[in-house]
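Report on the following structure.
Numbering (the UniProt record's numbering), first residue to last: 1 to 177.
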């Protein structure tokens, strides 16, 4: 015997086998077993021909952008921004130095990461990349703290703008791949 609440309830999508509004299939019940390890073992990498058919003929060409080229571009952009702050900010001294420090906060940890990549050539693992990124973030935070602690005359607008400009170099590098 059904209660009034059960009679008024619409049948759920799982029971009827219908897809939900987004077009996805309904979620399985909790009694279905899901084996992540078995699904990981079912992944088959694409062959070169399949990848070229799917992504185009340039998929297998090596990237023209190397980590050291990205660091060099970051250095050039931060020096350019430093020059602009020096030319257009009155008085220029603290603004230019702050801008230079902002750029250095970006490219110096990136250079350390690139050097670490080169030293670990052939031994890259996910954990190696994660450790490198953690070191890079730690160096960036330490440099921000050092600037805030030791350079009391820092102008934060030029520092942060230059840091962000240099940081956006990664997006340009991805577009040039």
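We treat Cβ as the ideally placed atom computed from N, Cα and C, and that holds for glycine.
Since the structure is predicted, the reported quantities are computational estimates derived from the model, not experimental observations.
Rounded to whole angstroms, what's the CA-CA distance from residue i to residue j? Just pull it up for me.
i: residue 129; j: residue 139; result: 15 Å
i: residue 143; j: residue 105; result: 6 Å
i: residue 52; j: residue 100; result: 43 Å
i: residue 62; j: residue 107; result: 24 Å
i: residue 158; j: residue 109; result: 19 Å
i: residue 87; j: residue 167; result: 22 Å
i: residue 89; j: residue 161; result: 13 Å
i: residue 79; j: residue 71; result: 12 Å
i: residue 77; j: residue 165; result: 7 Å
i: residue 31; j: residue 171; result: Unreliable positioning characterises residue 31 in this predicted model, as indicated by a pLDDT of 48, which lies under 50. The coordinate reading is nonetheless provided below. The alpha-carbon atoms of residue 31 and residue 171 are separated by roughly 45 Å.
Does DSSP put residue i in a helix, a strand or coil?
i: residue 19; result: Only weak support exists for where residue 19 lies, its pLDDT of 49 falling under 50; the value from the coordinates is given anyway. In this structure, residue 19 counts as coil in the three-state DSSP scheme.
i: residue 118; result: helix
i: residue 160; result: helix
i: residue 170; result: helix
i: residue 154; result: coil
i: residue 31; result: With a pLDDT of 48 at residue 31, under the threshold of 50, the modelled position of that residue is not reliable, and the figure given next carries that caveat. Here residue 31 sits in coil by DSSP.
i: residue 109; result: helix
Short check: CB of residue i to CB of residue j, under 8 Å?
i: residue 82; j: residue 56; result: no
i: residue 117; j: residue 136; result: no
i: residue 145; j: residue 154; result: no
Under a Cβ-count criterion, where at least 16 other Cβ atoms within 10 Å of its own Cβ denotes burial, should residue i be classed as buried or exposed?
i: residue 98; result: buried
i: residue 50; result: exposed
i: residue 156; result: exposed
i: residue 75; result: buried
i: residue 22; result: With a pLDDT of 49 at residue 22, under the threshold of 50, the modelled position of that residue is not reliable, and no figure is offered here.
i: residue 114; result: buried
i: residue 47; result: exposed
i: residue 125; result: exposed
i: residue 132; result: buried
Can you name the start and end residues of the alpha helix (DSSP H) that residue i belongs to?
i: residue 64; result: From DSSP, residue 64 is part of no alpha helix (DSSP H); its letter is neither H nor E.
i: residue 54; result: 48-55
i: residue 134; result: 126-150
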